[in-house]
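K.L.:
Sending over a structure as structure tokens; questions will come in a sec.
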Amino acid sequence: MSSSGTSSTPDHPSETPLAPTGAPAAELTLAVALAQDLIRCRSVTPEEGGALALIDQRLAEAGFATHRLTFSAPDTPDVENLYARYGREAPFLLFAGHTDVVPPGDEARWRHDPFGGAIEEGLIFGRGASDMKGGVAAMVAAALEFIKANPNFPGSVGFLLTGDEEGPAVNGTVRLLEWVNDERGDKFDQCILAEPTNPNVLGEMIKIGRRGSLSGRVVLSGKPGHVAYPHLADNPIQHLPALIAALKEVPLDEGTAHFAPSNLEFTTIDTGNPSANVIPAEVHVAFNIRFNDIWTPETLADEIRRRITAAGLGERARVTFRPTNATAFVTEPGPFVSVLSRAVEAETGLKPALSTSGGTSDARFIKDYCSVVEFGLVGQTMHQLDEHVATADIDALTAIFRRVLQDYFAPAR
Numbered sequence: 002m003s004s005s006g007t008s009s010t011p012d013h014p015s016e017t018p019l020a021p022t023g024a025p026a027a028e029l030t031l032a033v034a035l036a037q038d039l040i041r042c043r044s045v046t047p048e049e050g051g052a053l054a055l056i057d058q059r060l061a062e063a064g065f066a067t068h069r070l071t072f073s074a075p076d077t078p079d080v081e082n083l084y085a086r087y088g089r090e091a092p093f094l095l096f097a098g099h100t101d102v103v104p105p106g107d108e109a110r111w112r113h114d115p116f117g118g119a120i121e122e123g124l125i126f127g128r129g130a131s132d133m134k135g136g137v138a139a140m141v142a143a144a145l146e147f148i149k150a151n152p153n154f155p156g157s158v159g160f161l162l163t164g165d166e167e168g169p170a171v172n173g174t175v176r177l178l179e180w181v182n183d184e185r186g187d188k189f190d191q192c193i194l195a196e197p198t199n200p201n202v203l204g205e206m207i208k209i210g211r212r213g214s215l216s217g218r219v220v221l222s223g224k225p226g227h228v229a230y231p232h233l234a235d236n237p238i239q240h241l242p243a244l245i246a247a248l249k250e251v252p253l254d255e256g257t258a259h260f261a262p263s264n265l266e267f268t269t270i271d272t273g274n275p276s277a278n279v280i281p282a283e284v285h286v287a288f289n290i291r292f293n294d295i296w297t298p299e300t301l302a303d304e305i306r307r308r309i310t311a312a313g314l315g316e317r318a319r320v321t322f323r324p325t326n327a328t329a330f331v332t333e334p335g336p337f338v339s340v341l342s343r344a345v346e347a348e349t350g351l352k353p354a355l356s357t358s359g360g361t362s363d364a365r366f367i368k369d370y371c372s373v374v375e376f377g378l379v380g381q382t383m384h385q386l387d388e389h390v391a392t393a394d395i396d397a398l399t400a401i402f403r404r405v406l407q408d409y410f411a412p413a414r
């Protein structure tokens with residue numbers, strides 16, 4: 002691991018104008034210009050691609066103490082990360098996100114260069130425009146604008162940015178959080194993660210939690226033999242209906258106040274048998290469960306084993322589960338969620354739904370250090386060819402985050 006910091010003082014700087022941050026085109030706002038610059042950084046996991054360096058420079062110019070850290074672990078790529086803080090007092094509001102992106106695929110199939118940041122008819126195109134360089138640009142721009150107008154606000158603003166969210170998620174947010182806690186001793190009060198949370202329109206959804214994810218595998222054993230002599234064999238495939246019924250027929254639960262019912266989906270059924278005239282010895286069945294806060298990975302694994310045994314498959318079934326760091330969690334609605342909800346409604350006219358839907362995110366790590374909510378851009382095109390978002394949405398998201406900062410650090414708070 003290595004780190005470096007750049008800051009003239011750990012406290013608020015004097016009230017001086019921001020240093021120049023480059024020369025974006027005159028017609029582009031700070032947030033859109035920054036999003037364009039970030040898209041032009043080829044930061045495909047685990048490559049940093051210049052994205053963190055760009056943000057580091059912008060934040061340092063504004064008076065943030067910044068730290069670039071690279072973490073390593075066996076059998077995983079080294080990953081660079083960024084931590085930055087402005088101010089030393091409480092309350093401490095953290096913004097989190099990632100600058101790494103998934104590969105673009107066949108670049109010739111893109112309408113525009115996936116790393117060009119082209120803007121056409123109010124849309125900005127490029128890998129990461131939605132997930133999540135547009136969101137990162139909005140939160141950085143909001144903080145820069147807020148600090149320029151309020152350099153001595155009562156509290157601290159920070160950024161926790163990784164290059165490993167789309168990858169193994171080993172040397173990214175989880176390690177950076179440990180470093181901040183153990184080496185810096187910094188304690189966050191709340192966090193906003195700017196993942197693309199809105200399904201269709203900016204302002205419709207805030208994520209206040211996430212479901213857990215548990216993957217498992219069942220190997221049903223039989224006795225191999227010639228298909229012409231089935232009485233001398235035991236085909237394990239014939240036991241699949243009992244297994245499927247045991248795991249799917251009765252729901253795992255009925256859901257909770259903030260979560261839908263837990264759901265198990267079978268993802269692979271395979272015998273590994275290349276011969277048409279051989280009864281296989283085993284059938285391998287893989288599944289994944291997205292589970293709510295009724296369960297832990299341990300209690301859920303116990304329930305799966307119980308169901309398999311109750312179905313009479315215990316002697317022929319071997320059950321294993323993959324390690325998981327994705328447990329269900331929820332940030333209960335309260336003052337912090339209300340600050341974000343009011344800001345969203347004020348800027349968009351929409352009252353956002355409070356949701357726990359979707360997949361996993363780095364919020365699963367952050368929730369161990371402070372309460373965390375997620376709000377970002379529309380996610381319809383994330384990971385797709387011609388990924389894009391509306392530039393107006395980037396500016397609206399910036400205004401939402403700026404309003405959150407204003408309200409969060411208001412003297413009456």
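Numbering (my numbering), first residue to last: 2 to 414.
Idealized CB from N, CA, C, for every residue including glycine.
All figures in this text were calculated on a predicted structure; none of them were measured in a lab.
I need the straight-line Cα distance from P104 to S362, nearest angstrom please.
P.N.:
18 Å
K.L.:
Could you tell me the boundaries of the alpha helix (DSSP H) in which L39 lies?
P.N.:
31-40
K.L.:
Can you give the beta carbon distance from L253 to P262, rounded, assuming they're within the 8 Å contact cut?
P.N.:
7 Å
K.L.:
Between the Cα of L221 and those of E205, A119, L233, Q239, spot the shortest distance and give me the residue it belongs to.
P.N.:
Comparing Cα-Cα distances from L221 to each of E205, A119, L233, Q239, the minimum goes to Q239.
K.L.:
Can you give the Cα-Cα distance for D396 and W296, rounded to whole angstroms?
P.N.:
39 Å
K.L.:
Please report the residue range of the alpha helix (DSSP H) in which S342 lies.
P.N.:
336-349 is the span of the alpha helix (DSSP H), which, as asked, contains S342.
K.L.:
If S44 sits next to D101, beta carbons under 8 Å apart, how far is it from one beta carbon to the other, in whole angstroms?
P.N.:
5 Å between Cβ atoms; contact.
K.L.:
Thinking just about the alpha-carbon of each residue, which of A138, L35, Q37 is nearest to the one in I401?
P.N.:
A138
K.L.:
A34: which of T392, T46, F160 sits nearest, CA to CA?
P.N.:
Its Cα nearest to that of A34, the residue T392 stands out among T392, T46, F160.
K.L.:
So the candidates are R343, D271, G256, E304; which of them puts its Cα closest to the Cα of N293?
P.N.:
Checking every option, the nearest Cα to that of N293 belongs to G256.
K.L.:
What does a CB cutoff of less than 8 Å around I309 pick up in its chain, not counting 5 residues either side in sequence?
P.N.:
V219, L244, A247, L248, G315, A318, V320
K.L.:
Would you please state the rounded distance, in angstroms, between the beta carbons of G135 and L301? I believe it to be under 8 Å.
P.N.:
Actually they are not in contact, since the Cβ atoms of G135 and L301 sit about 35 Å apart, beyond 8 Å.
K.L.:
Short of 8 Å in beta carbon distance, which residues of its chain neighbour N278, apart from the five on each side in sequence? Order them along the chain.
P.N.:
H227, V228, A229
K.L.:
What number of angstroms, rounded off, separates the C-alpha of L124 from the C-alpha of S214?
P.N.:
34 Å
K.L.:
By the 10 Å Cβ neighbour count, where 16 or more other Cβ atoms means buried, how is K224 classified, buried or exposed?
P.N.:
Looking at its Cβ environment, which holds fewer than 16 other Cβ atoms inside 10 Å, K224 is exposed.
K.L.:
Would you kindly check if the distance between the Cβ of T268 and the Cβ of N289 is under 8 Å?
P.N.:
In contact: N289 and T268 (Cβ atoms closer than 8 Å).
K.L.:
Can you list, in chain order, the residues of its chain whose CB lies under 6 Å from that of A143, leaving out five sequence neighbours each side?
P.N.:
T399, F402, R403
K.L.:
Is D165 helix, strand or coil when you go by DSSP?
P.N.:
It is coil, neither helix nor strand.
K.L.:
Comparing C-alpha positions only, which one of A312, P281, Q191, K208 sits nearest to V251?
P.N.:
A312
K.L.:
Please state the DSSP three-state secondary structure of Y87.
P.N.:
strand
K.L.:
Looking at the strands, I want to know which residues DSSP matches up with I199.
P.N.:
Note on residue identity: the sequence assigns Asn, not Ile, to residue 199. For N199, which the question treats as bridged, DSSP gives the partners V379.
K.L.:
If contacts are defined as beta-carbon pairs under 8 Å, then R211 and F330 qualify, I think. What distance do you get, rounded to the angstrom?
P.N.:
6 Å
K.L.:
Between the alpha carbons of A411 and D394, how many angstroms are there, rounded?
P.N.:
25 Å
K.L.:
What residue range does the alpha helix (DSSP H) around I148 cover?
P.N.:
135-150
K.L.:
Give me the Cα-Cα distance between H384 and D165, rounded to the nearest whole angstrom.
P.N.:
15 Å
K.L.:
Can you tell me whether V202 is buried or exposed, with buried defined as 16 or more other CB within 10 angstroms of its CB?
P.N.:
exposed
K.L.:
For V405, name the three-state secondary structure that DSSP assigns.
P.N.:
helix
K.L.:
In whole angstroms, what is the alpha-carbon distance linking P336 and G273?
P.N.:
Roughly 54 Å between the two C-alpha positions.
K.L.:
Classify A364: buried if its beta carbon has 16 or more other beta carbons within 10 angstroms, exposed otherwise.
P.N.:
buried
K.L.:
Does the distance from the CB of S423 to the CB of Q191 come in under 8 Å?
P.N.:
Since the first residue of the chain shown is 2 and the last is 414, residue 423 is not available in this structure.
K.L.:
How big is the Cα-Cα spacing for S1 and G64?
P.N.:
With the chain running from 2 to 414 in the structure shown, residue 1 is simply not present.
K.L.:
Which residue wins for smallest C-alpha separation from T77, given the options P324, K188, E266, G173?
P.N.:
Selected option, being the one with the closest Cα: G173.
K.L.:
Looking only at its own chain, which residues have a Cβ that is under 6 Å from the Cβ of L406, when we skip the five neighbours before and after it?
P.N.:
Short of 6 Å from the beta carbon of L406, and not among the five residues preceding or following it, lie these beta carbons of its own chain, in chain order: F147.
K.L.:
Within its chain, find whatever has a CB closer than 6 Å to the CB of T46; leave out the 5 residues flanking it on each side and keep chain order.
P.N.:
Around T46: D101, E167, G168.
K.L.:
Am I right that F322 and S216 are in contact with their C-beta atoms under 8 Å? What's the rounded C-beta distance?
P.N.:
7 Å
K.L.:
Should G98 be labelled buried (16 or more other beta-carbon atoms within 10 Å of its own) or exposed?
P.N.:
By the neighbour-count rule (16 or more Cβ atoms within 10 Å), G98 is buried.
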